[in-house]
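Structure, as structure tokens:
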Amino acid sequence: MDFMYSIVVPHYNSEQGLKRLLNSIPTRPDIQIIVVDDNSSEALDSQRLAEQYKDHHLEFLTNNTGTKGAGSARNVGLKQLRSRYTLFADADDLFCSGAFELLDTVLSGDDISYFSPTSRCDVTGELSDRHHIYANLVRDFLNTGDEDIRYHFSVPWSKVFRTEFIQDHGLYFDQVIASNDVMFSLVSGRKAASISVHPQEIYCVTRGKGTLTVNFKPAVVRSRYEVELNRIDYIASFALPTDSTSLYKMVKNFRKVMSLRDFMQVVGLLFQGKISVVPKRTYYYLKNPMALFDRFIKRKQSLSSQKYQA
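Take the position in the sequence shown, starting the count at 1, then add 2; the result is the number in the working numbering.
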């Protein structure tokens, strides 16, 4: 192996964000940084960046698969891994200070190592809420050993993968316009023979104007819907010890793109026992009304906030 760490970065029209990300990565000869441009409409000046960051080991590639999207770009990067460990980063995010020094001390060869992320709003600079679900999964594992983290930590960042684990299992990202990382995360979580979970923060995810996570265009929502169906089937096929989703959440999240036929298909999943009527968490809140009140007080604001709309 030529490197200790490989970092795969899909890029699209975010050169300033990419610079911020690169600035957060230490200058070390054992870190391979693979930037895969997804055919940006604003040309990425890779030659100038390579000169500017000449002390980093930077490799610039182009997504020439014929299929646009971060999933396709990440798959291009996967073919170039030459390291013991692999990390994924988005071009508009950044690593926390001291992240790689921490990794040097805590990694011990597990197939996947999970870390608690943090997040911030690029519009205001304030702490965001985008990391909460994943930080909660880390907390629950550390407190109770709850292995839902394997099946619901649906993003590739804030994790470290053993590179041979990715290669031995032929793991890859879906070539879809949204939620390309959901099945990669679910399949890898199931197949990992060993995992470790750490409370420290190594990665900061950002939320800005036009971020895909706040994009509710029909094609994007439809992509998420189809990936969610695949996720439900996968959980059922392998009888994974976790909840998939509920009829309530499916209708709430995807009603704008669901036809009558789609609705009947989702109802069928309910009768097949693949989903529940309402989220299992609902029963907890019914027994603990103060917890429900607290959730309403702290409910996520950012998805509907105008400040994030492009």
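Note that the Cβ used here is the ideal one computed from N, Cα and C, for glycine as well. As the structure is a prediction and not an experimental result, all values here were calculated from the model.
- Bounds of any beta strand (DSSP E) do not take in Asp57, whose DSSP letter is neither H nor E.
- The distance from the Cβ of Val140 to that of Ser118 is about 4 Å, consistent with a contact at the 8 Å cut-off.
- Within its own chain, the residues whose Cβ lies closer than 6 Å to the Cβ of Arg132, once the five positions on either side in sequence are excluded, are Ser121, Val207 and Arg209, listed in chain order.
- In the same chain as Val199, and ignoring 5 residues on each side of it, the C-beta atoms closer than 7 Å to its own belong to Tyr116, Val140, Phe143, Leu144 and Ile151, in chain order.
- Sixteen is the threshold: since fewer than 16 other Cβ atoms of the shown chains lie within 10 Å of the Cβ of Pro220, the residue is exposed.
- Distance check between Thr247 and each of Val223, Asn217, Val279 and Arg257 places Val279 closest, using alpha-carbon atoms only.
- DSSP, read as helix, strand or coil, puts His134 in helix.
- If you draw a straight line from the Cα of Ser190 to the Cα of Val184, it is about 10 Å long.
- The beta-bridge partner set that DSSP reports for Val37 consists of Val11 and Phe62.
- Counting C-beta pairs closer than 8 Å gives fewer than three between the region 43–54 and the region 78–87, which falls short of the contact rule.
- Put simply, the backbone Cα of Tyr14 is about 32 Å away from that of Val253.
- Per DSSP, the beta bridge partners of Leu96 are Cys206.
- Taken through DSSP and simplified to helix, strand or coil, Val78 comes out as helix.
- Sequence-distant Cβ neighbours of Gln177 in its own chain, meaning closer than 8 Å and more than five residues away, are Thr67, Thr69, Gly71, Gly73, Ser74 and Asn77.
- Restricting attention to Lys282, Ile237, Val222 and Asp112, the CA atom closest to the CA of Tyr250 is found in Lys282.
- Counting along the chain, Ile27 sits inside no alpha helix (DSSP H), nor does DSSP assign it H or E at all.
- In chain order, Tyr55 place their CB closer than 6 Å to the CB of Leu24, counting only its own chain and leaving out the 5 sequence neighbours on each side.
- Looking at the backbone, the Cα of Ser181 and that of Ser156 are separated by about 9 Å.
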